[in-house]
Amino acid sequence: MKLNEDSRRPRTAAATKWFFVFLLLLASVAIATGQTSITHKPFGKTTDGQSVDIYTLRNRSGMEARITNYGGIVVSLTTADRNGKLADVVLGYNDLDTYMRPPFPYFGAIIGRYGNRIAKGRFTLNGVEYKLAINNGENSLHGGIKGFDKQVWTARERKSGNGPALVLTYLSKDGEEGYPGNLRTTVVYTLTNNNELRIDYTASTDKDTVINLTHHSYFNLAGEGNGDILQHNLVLRAESFIPTDAGSIPTGEIRNVAGTPFDFRKANTIGERINNDDEQLKLGNGYDHTWVIDGSMGTLRQAAVVYERTSGREMEVWTTEPGVQFYTGNFLDAAIIGKSGKPYPRRSGFCLETQHYPDSPNHPNFPTTTLRKGATYHSTTIYRFSARK
Ligand code: GLA
């Protein structure tokens, strides 16, 4: 009896030790693989009674994205500064109602079926002229009156080793806003464990059509509502840009940036030359142009790097698209009150909308935006966040 008890003691001690080793292992596995999550809750109802949700994606380092299936809008995106302090770096609203009311700055939305402008809302495809919804002077902007930014998307949550993902799908009917073909679109937002917001777009159609999808977040790396973005440093990997007319329609020229305020091949603050006596800056009310990204389209390559000195936050933009629309929030005004109650004055956010060139269907010298029946459209853009010490 006694002997048995004595021999049991070391066994118990060993078991306790292994139990703690097991706990430790479990904890490290949780740290290595866990802490990522995706949850959702109701965000409200559209005017026609459709229920809309808001999804919260969290990655391993605590970065968080909140995305609604109304317009695929990124409502908030928190990233760390050089001291690890999180701030929300995108402009937006707290509630669905404000997103549904004018003005429509397209805060954080998926833009389609055709991002940017189509002159006079007209183009010809296979000998047929199509007339689109006009919503920007005499032109069609961002897919028309009710573009993809104002549609309710079907949402599915997905967890992957890379981080939580939200899969959004939308079927744009033949003739919607004037476009031909039933277009099935899928947009996957992944908040990766490398602190990236990754966007993968795919689409297919049952009739030849045109397509140019993009994402319209307004960034302020000092935090939304924290003044203008004129002191942010910008690099654009682009040797040329697309000059436009007074209606922001491309003239057809592809112009070298050398010697112009459009040269961001070396870091410059956004504000340094924005008020220069330059015809293109005047026509755009500031920067509101497409830059032609160096390298080959279809290949994921760096398009831009933005750095904000006071916080140390840096954002890189990578894309497979041929161009990027750099827009400096020229039409924002202080009457717009953001989600934390602070106004969003002119130039308090900037957009880097990766895309094909504006009005491509009317410019045969631009890369084509035609999507043929049976073909699949693919496009990827990554916004990668870090902080410099
Ligand atoms: C785009 C356009 C801008 C403006 C904004 C929305 O980026 O290029 O001219 O219309 O959208 O206000």
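Position in the sequence shown (first residue = 1) + 805 = the numbering used here. Every residue gets a Cβ at the ideal spot worked out from N, C-alpha and C, and that includes glycine.
Residues near Phe1190 by beta carbon distance below 6 Å, same chain, minus five either side: Numbered from its first residue, the sequence shown carries residue 1190 at position 385. These residues qualify, in order along the chain: Thr884, Asn1000, Met1120.
Cβ neighbour criterion (16 or more within 10 Å) applied to Ser1101: The residue labelled residue 1101 in the question sits at position 296 within the sequence shown. Exposed.
The alpha helix (DSSP H) enclosing Thr861, as first and last residue numbers: Start at 1 with the first residue of the sequence shown, and residue 861 comes out as number 56. From DSSP, Thr861 is part of no alpha helix (DSSP H) but of the beta strand (DSSP E) over 856-863.
Identity of the residue in Lys978, Pro1048, Thr873, Lys936 nearest Gln1130 by Cα: Position 325 of the sequence shown, counted from the start, is the residue given in the question as residue 1130. Of the candidates Lys978, Pro1048, Thr873, Lys936, the one whose C-alpha sits nearest the C-alpha of Gln1130 is Pro1048.
Cβ-heavy atom distance, Phe1067 to ligand 1, below 6 Å: Your numbering for residue 1067 matches position 262 in the sequence shown. No, the beta carbon of Phe1067 sits no closer than 6 Å to any heavy atom of ligand 1.
Residues sharing a beta bridge with Gly980, DSSP: Along the sequence shown, one-based indexing puts residue 980 at 175. Answer by DSSP bridge pairing: none, since Gly980 is not bridged.
Close-in-space but distant-in-sequence residues of the same chain around Thr1115 (CB under 7 Å, 5 per side omitted): The count along the sequence shown starts at 1 and reaches residue 1115 at position 310. If we look at Thr1115 and ignore the five residues flanking it on each side, its Cβ neighbours are Ala1027.
Straight-line gap, Arg989 to Gly1057 (C-alpha atoms, nearest Å): Taking the sequence shown and counting its residues from 1, the one referred to as residue 989 is at position 184. Taking the sequence shown and counting its residues from 1, the one referred to as residue 1057 is at position 252. Rounded to whole angstroms, Arg989 to Gly1057 spans 30 Å at the Cα level.
When Asn987, Leu1039, Asn998, Ser1045 are compared against Arg918, the one with the closest alpha-carbon: For the purposes of this step, residue 918 is taken as residue 113 along the sequence shown, with counting starting at 1. It is Asn987.
DSSP-derived helix/strand/coil call for Tyr911: Taking the first residue of the sequence shown as 1, we reach residue 911 at position 106. In the three-state reduction of the DSSP assignment, Tyr911 falls in the coil class, being assigned neither a helical nor a strand state.
When Leu930, Ile1187, Phe953, Phe928 are compared against Thr1104, the one with the closest alpha-carbon: Residue 1104 sits at position 299 when you count from the first residue of the sequence shown. The candidate whose alpha carbon is nearest that of Thr1104 is Ile1187.
Delimiting residues of the beta strand (DSSP E) encompassing Gly849: The residue given as residue 849 occupies position 44 in the sequence shown. Note, Gly849: beta strand (DSSP E), 842-850.
Segment contact flag, the stretch 861-881 with the stretch 930-950, C-beta cutoff 8 Å, min 3 pairs: no
Residue from Glu1113, Val1040, Ile939, His1020 whose Cα sits closest to the Cα of Thr1185: Residue numbering aside, residue 1185 sits at position 380 when the sequence shown is read from its first letter. Comparing Cα positions, the closest option is His1020.
Beta-carbon gap between Ile1059 and Ser1045 smaller than 7 Å: Position 254 of the sequence shown holds residue 1059. Position 240 of the sequence shown holds residue 1045. Going by C-beta atoms, Ile1059 is nearer than 7 Å to Ser1045.
Gly1128, enclosing alpha helix (DSSP H) - first and last residue: The residue labelled residue 1128 in the question sits at position 323 within the sequence shown. No alpha helix (DSSP H) holds Gly1128; the beta strand (DSSP E) holding it covers 1128-1132.
Sequence-distant residues of the same chain with beta carbon closer than 6 Å to Tyr1132, five excluded per side: Along the sequence shown, one-based indexing puts residue 1132 at 327. Same-chain partners within the cutoff: Asp1093, Cys1156.
Under 7 Å between C-beta atoms of Asn899 and Ala960: In the sequence shown, counting from the first residue as 1, residue 899 sits at position 94. In the sequence shown, counting from the first residue as 1, residue 960 sits at position 155. Going by C-beta atoms, Asn899 is not nearer than 7 Å to Ala960.
Contact set, ligand 1 heavy atom to C-beta under 7 Å: Pro910, Tyr911, Asn921, Asn941, Leu946, His947, His1021, Ser1053, Asp1093, Gln1130, Tyr1132, Phe1136, Cys1156, Glu1158
Beta-carbon proximity of Leu996 to Val1111, cut-off 7 Å: Counting from one through the sequence shown, the residue named residue 996 turns up at place 191. Counting from one through the sequence shown, the residue named residue 1111 turns up at place 306. No, they are not a contact pair.
Residue environment, Thr1181, which counts as buried when at least 16 other CB atoms sit within 10 Å: Position 376 of the sequence shown, counted from the first residue, corresponds to residue 1181. So Thr1181 counts as exposed.
Host beta strand (DSSP E) of Thr873 (start-end): As a position in the sequence shown, residue 873 is number 68, starting the count at 1. Where Thr873 is concerned, the enclosing beta strand (DSSP E) stretches over 869-873.
Identified DSSP bridge partners for Ser881: As a position in the sequence shown, residue 881 is number 76, starting the count at 1. In the DSSP output, where bridge partners are listed per residue, Ser881 has Arg871.
Length of the line joining the Cα atoms of Lys1071 and Asp1099: Taking the first residue of the sequence shown as 1, we reach residue 1071 at position 266. Taking the first residue of the sequence shown as 1, we reach residue 1099 at position 294. The alpha-carbon atoms of Lys1071 and Asp1099 are separated by roughly 14 Å.
Residues that Tyr919 bridges to, as DSSP identifies them: The sequence position of residue 919 within the sequence shown is 114, counting from 1. In the DSSP output, where bridge partners are listed per residue, Tyr919 has Asn1017.
Distance, Tyr1023 Cα to Lys955 Cα: Position 150 of the sequence shown, counting from 1, holds the residue named residue 955. Position 218 of the sequence shown, counting from 1, holds the residue named residue 1023. If I take the Cα positions, the gap works out to 17 Å.
Span separating the alpha-carbon of Phe1069 from that of Pro1163: The residue you call residue 1069 lines up with position 264 of the sequence shown. The residue you call residue 1163 lines up with position 358 of the sequence shown. Phe1069 and Pro1163: Cα-Cα distance of roughly 20 Å.
Beta-ladder partner(s) of Leu1039, from DSSP: Within the sequence shown, numbered from 1, the residue matching residue 1039 stands at position 234. Asn1073, Val1111.
Pick from Trp1096, Asp893, Ile915 that is closest to Val972, judged by C-alpha positions: As a first step, residue 972 is located in the sequence shown; it is residue number 167 there, counting from the start. Minimum Cα distance to Val972 is reached at Ile915.
Own chain residues within Cβ distance below 7 Å of Lys1147, not counting five before or after: As a first step, residue 1147 must be located in the sequence shown, where it is residue number 342. The residues Gly1030, in chain order, have a CB closer than 7 Å to that of Lys1147 in the same chain once the five nearest residues on each side in sequence are set aside.
Same chain, Cβ closer than 8 Å to Asp1013, neighbours up to 5 away in sequence not counted: Here residue 1013 refers to the residue found at position 208 when the sequence shown is read from its first residue. Around Asp1013: Leu930, Asn931, Pro985, Gly986, Thr1175, Leu1176, Arg1177, Lys1178.
CB of Trp1123 within 7 Å of CB of Leu1041, strictly: The residue labelled residue 1123 in the question sits at position 318 within the sequence shown. The residue labelled residue 1041 in the question sits at position 236 within the sequence shown. Cβ distance not < 7 Å, so Trp1123 and Leu1041 don't count as in contact.
Contact set for Tyr976: own chain, Cβ-Cβ below 8 Å, skip 5 residues either direction: Within the sequence shown, residue 976 is the residue found at index 171, counting from 1. Checking the displayed sequence, the identity of residue 976 turns out to be Leu instead of Tyr. Excluding positions up to five away in sequence, the list reads Asn987, Leu988, Arg989, Thr990.
For Gly1091 and Gly983, the rounded distance between their alpha carbons: Residue numbering aside, residue 983 sits at position 178 when the sequence shown is read from its first letter. Residue numbering aside, residue 1091 sits at position 286 when the sequence shown is read from its first letter. Looking at the two C-alpha atoms, the distance is approximately 31 Å.
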